[in-house]
Amino acid sequence: MSPFSYLTTEVSRPPNKVNITKTTEDSVTLDWKAPSNDGGARITGYHIQFKEDTPGATWKDAGKVGGYDTKATIQDLETGKNYKFAVLAENENGLSEPCVADKTATPKKSVKPPSPPQDLEVSEIRRDSVVVTWKHSKNDGGSAITNYIVEKRETWKTSWAHVDRVRGEMTTAEVIYLQEGTSYNIRIMAENVAGLSEPTELDEPVVPKSPYKVPTAPVGPLEVTEVNSQSVTIQWKAPEKDGGLPIKRYVIERREAKRQTWVKADSVRPGTTSCTIDKLMEGGHYVFRIFAENDEGLSPPLESDAPVTCRRAPEKPGPPSGKLRATKVTADTVTLDWLPPLDDGGSPLTAFIIEAMDSKAKDWSTMAEVNPEASKHTLKNLKEGEEYLFRISSQNAIGRSKPVQMDSPITPSRPIETPGAPRGPLIAKNEGRDSIVLSWQPPLDDGGTPITAYIIDKLDVQRGGWMRAARVAGNVTSHTLSGLIKDHDFNFRVYAENKAGVGQPLDLKTPIKAKSVYNPPSSPRDFTATDIQEDSVMLRWSPPDSNGGLDILGYVVERRDVGRQQWSRVGQTTPDVTTIKARNLLEGRPYSFRVMAENLEGLSEPTTMLQPITPERLIEPPGPPQDLMCTDIDKESVTLTWKKPSREGGAPITSYVVEKREGKAASWTRVADTGFATHVFNVDGLIEGYEYFFQVRAKNTSGVGEPATMKSPVIPSKKKDKPSAPEGPLECSGSTEDSITLSWQPPASNGGSPLTGYVIEKSDVRRPKWVRVGKFSPDETSATVSSLLENVGYFFRVMAENKVGLSPALENELPFKPKSQFGVPSRPQAPVKTLQITRDSATIQWQPPTSDGGSPLTGYVVERREDGHRGWMYCGRTDADVTIQTSAALTENTQYYYRIYAENKYGRSEPLESEFPVVPKRVFEYAGSAWFKEANLEPFIDVYLTQNIMRYEYFFRVYADNPLSCVWDSIDLSSIEGRF
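Positions 52 to 1031 (my numbering) are the ones given, in order, by the sequence shown.
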């Protein structure tokens, strides 16, 4: 048998891990990995299949891709249906088993942000908040509105602040934490899963204010019903008006008559109209005032007419204040002192009475009557060794106070003395490096009273000056002084102390040095460095030969830059750890290291490394470049770009090697070495229509690294361009108070690529900055731009867009201004007629305007001015159906001109002014017989025919109902002789 055997091939294994990477409304994109085993034959292609995810559905063929492709897009799927997908690998032996995607996919329509909310308005205004309401957006963008976002800003600011986020079904929100009297703009935006809509803003700013007022002042007079030495009772009546809110309380304030400062005295409930003010000073003169308070604040005050003086009836004085003390005791005298009473009872003191009682007596006897101004007195001729109790009383014209008695009896005796010096010798011994133990003996003479304490002073010989070191109890004769300075010489002295004071000291004969009986440890041994990296070094050492008589507490490691003198701490270890890693070092910089052992006595001498250590890194080939892509394609060349590798291998990148592979070829061909560290390279000499794969490798001094390979092929083709500008002119085909409709013509050229849309931008003439409005469908050549300000000029520009980019812009030459289809009415019609004149009033009439501006009239506004004056004065307002107005309080024989405005919700019209002046004057009456009523006429009749006239002389007068003058003024129409 031949020693050679022949290889056989078989069907490939299935592809691996089919994933769904993208879903649109009519397509799904898949990717997968090549089979782990191709069956011994090259993969020639991949077949894609799909079916609906329903029972009984069958697999359908979606197409085939090349053997090097691991990605495909399935088109023409039905929106809303759920699909499964599978991929089969093919070689020369047939198809593999299918690999089915783990998940299903459902093509869905794209979702856009909703349109702006509608009809935003303010429904309620309060002091620190307002309530806004709106209507839902007309278009939810294909997804239910989840929230409405409410924002606010002060009108003088430019930035908006978030207020609230309310649920999508709500159409109202409360804007809180506002400042009263500040003007605010408020806007609202709708939100769905795609994002936020354009904002809808209030037409006018809103100013928070309270609908209520403070109450009026309480009703007077402010009556004083009761007065004593420390309090006054006052009474008042409730205010006439509470300002629209309930009274919360009444606030009472007082001030001394000689001062201007008011002090709050008390407050009472709203149902109480009287109050007692206490804690006043007897004899003081006080003025009081009352405020009513509601939630809006304090009313004006009701103040008392005259000051009130606090008085009381005289009585016995109070006892002397404080305690009765004996300040000096001798063999036959006692000196007592005290403090005057807090209260003299309303009458001046006449004396202090001192009484005594010895141990043998049963009653108190008076020892002295002392001047009332005195606070000390010495009692003489007392018996030595006898116990006495003393008490004292204060006295005025009304009587004597209760006595104040001493706490304990007093025995006259000789005074005690200070003790003698403690007995020596004063012994001092070292206990630690900063502590010394002292010991002594009690003094022979305690001065007649027990020793209460010992006082220790110290002297630092090197510094000089005695200072207090300690104070110990009288039964202690030794003490340890700590906190001393090591290696300094100290001297000490000790004093005994009793009730009489401090005696003479006992001094240390010879100074003693503060030092320890132990030593610091010796230096650590065998200090070396291992594992040197670019930013760290591992340090090791051995314990010292001697611990100085104390346990090692740890090790301290320090470093310094070579060439510098200052050491810095690397770290500290426990006594059982003899290694440490020095981190955060700079690559290429030499460092010196040292280590010291530590015990309770301090640090040892350092062990310093003999040679400096320089951190260095190992150099290796760099990693693959990042984000390799093709940024420009021409028919014979392509432009590649990439980013530097995340890992440079320890040395700078010197250049990049570019390689290519044609179509299905198995080998890569070197294109060029860039020669320097560029991230852009143009590959030319390519054939139009051929498929090319490209890969790039980074290169450093260690060599060439792993490649970064493009996943999909590049096909050289003719370069596409941006479209031309849309055809003009850019016209305004419709306008409202906050929107403009623009129209234009498609561009002459789409640049070789279908248009993807039109981009519109706007610029406010007040702030010349372009702001994007939005992107609109390429099939439409008109669009409505909303959220504009009325009567503000705007420039607009429209740009066509394809996959390459944006075209030049088409702009309007003159600004467009949003303007409402409605407006103010035309001026009222002339003439201005005078219907009636009296000495202090005039009644005028006019005709309605020819146009109401598209909105019903809300009324007329009438103004007047005197001849020779420029300023117009408001006369009154009438309803829309009333064209007659009477002006009162005129000056007789003065010329007046009138003007009338028509008004609707959009504002006022131009005024109609009277051509001739109106002059109020009295028409004198005929002094003959009485007047008789002839007829009542309707207000629209201005002609009247009288009948049954005899052959006499007549006078006539005409007036309107309810004349404003209190005197009948006549209009002399004529003198008619009734002769026929």
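Glycine is no exception: its CB is placed at the ideal position from the N, C-alpha and C atoms.
Unbroken beta strand (DSSP E) run spanning H187, endpoints: No beta strand (DSSP E) holds H187; DSSP gives it neither H nor E.
Spatial neighbours of S282 in its chain, beta-carbon cut-off 7 Å, leaving aside the 5 residues before and after: T327, I328, D329 and L331
Where does F967 fall in DSSP's three states? coil
Under 8 Å between the Cβ atoms of F441 and A425? no
How would you call T130, buried or exposed, if buried means at least 16 neighbouring beta carbons within 10 angstroms? By the neighbour-count criterion, in which a residue is buried when 16 or more other Cβ atoms sit within 10 angstroms of its Cβ, T130 is exposed.
Entirely within the region 54-131 and at least 3 residues each: give me those beta strand (DSSP E) ranges in chain order. 67-74, 79-84, 96-103, 111-117 and 122-125
With distances taken Cα to Cα, identify the nearest neighbour of T124 among N70, P149, P164 and K154. N70
For the putative contact between V621 and R610, defined by C-beta atoms under 8 Å, what is the C-beta separation to the nearest angstrom? 5 Å
Near P666, what residues of its chain come up, given a Cβ to Cβ distance below 8 Å and the 5 sequence neighbours on each side ignored? A distance below 8 Å between beta-carbons, with the five flanking residues on each side excluded, links P666 to the following residues of its chain, in chain order: I583, Q584, E585, D586, S587, V588, L636, L637, E638, G639, R640 and Y642.
Identify, in the order they occur along the chain, each residue of the same chain with its Cβ nearer than 7 Å to the Cβ of S147, setting aside the five sequence neighbours on each side. V62, S63, R64, P65, P86, L139 and A140
Closer than 8 Å by C-beta to N67: which residues in its own chain qualify, once you throw out the five before and the five after it? Chain order, please. W83, K84, A85, P86, S87 and C150
For K154, collect the residues of the same chain with a Cβ closer than 7 Å to its Cβ; drop the 5 residues on either side in sequence, then sort them by chain order. I71, listed in sequence order.
Among E943, P780 and Y911, whose alpha-carbon lies nearest the alpha-carbon of D932? In terms of CA proximity to D932, Y911 leads the group E943, P780 and Y911.
Roughly how many angstroms lie between the CA atoms of A472 and P466, to the nearest whole one? 19 Å
Are the beta-carbon atoms belonging to P900 and A953 less than 8 Å from one another? yes
Looking only at its own chain, which residues have a Cβ that is under 8 Å from the Cβ of G802, when we skip the five neighbours before and after it? Sequence-distant partners of G802 (beyond 5 residues in either direction) whose C-beta falls short of 8 Å from its own C-beta, in its chain, are K771, D772, K773, P774, S775, N853, V855 and S858.
Count the CB pairs spanning the region 522-533 and the region 482-489 that are closer than 8 Å, and state whether there are at least three. yes
Give me the DSSP bridge partner(s) of R928. V912
I think G927 touches Q936, with their Cβ atoms under 8 Å apart; what is that distance to the nearest whole Å? Under the criterion of beta carbons closer than 8 Å, G927 and Q936 qualify as touching, at roughly 6 Å.
Could you check which residue in T197, K208, F967 and S180 has the C-alpha nearest to that of Q230? Nearest option by C-alpha distance: S180.
Note down, one range per segment and in chain order, each alpha helix (DSSP H) of at least 4 residues found wholly within the region 499-577. none
Cβ shell of N422 (< 6 Å), same chain only, five flanking positions each side left out: none
Is it buried or exposed, T60, if we count other Cβ atoms within 10 angstroms and call 16 or more buried? exposed
Helix or strand or just coil, what does DSSP make of D612? strand
Buried or exposed (CB count within 10 angstroms, at least 16 for buried), P746: Residue identity differs from the one stated: residue 746 is Gln in this sequence, not Pro. Classification of Q746: buried, given that the 10 Å Cβ count is 16 or more.
Euclidean distance between Cα positions of E333 and W313: When rounded, the separation of the alpha-carbon atoms in E333 and W313 is 19 Å.
Between the beta-carbon of I791 and the beta-carbon of F867, is there less than 8 Å? yes
In the DSSP assignment, find the unbroken beta strand (DSSP E) run with I443 in it and report its ends. Y439 to N447
Near V385, which residues of its chain fall below 8 Å by C-beta distance, leaving aside the five closest residues on each side in sequence? Beyond the five residues adjoining it in sequence on each side, V385 comes within less than 8 Å, by CB distance, of A377, K379, T429, L430, L433, Y439, F441, I461 and P463 in the same chain, given in chain order.
Candidates S828, R712, P819 and P829, of which the one nearest V843 by Cα: P819
Hey, out of G348, V734, K189 and L601, whose CA is closest to S248's CA? K189
Three or more beta-carbon pairs under 8 Å between the region 494-505 and the region 545-560, yes or no? yes
With contact counted as at least three CB pairs below 8 Å, one residue from each stretch, are the region 283-292 and the region 250-262 in contact? no
Secondary structure at W592, three-state DSSP: helix, strand or coil? strand
CB-CB under 8 Å to I704, same chain, minus the five flanking residues each way: which ones, in chain order? P673, K695, P696, A728, A749, K750 and N751
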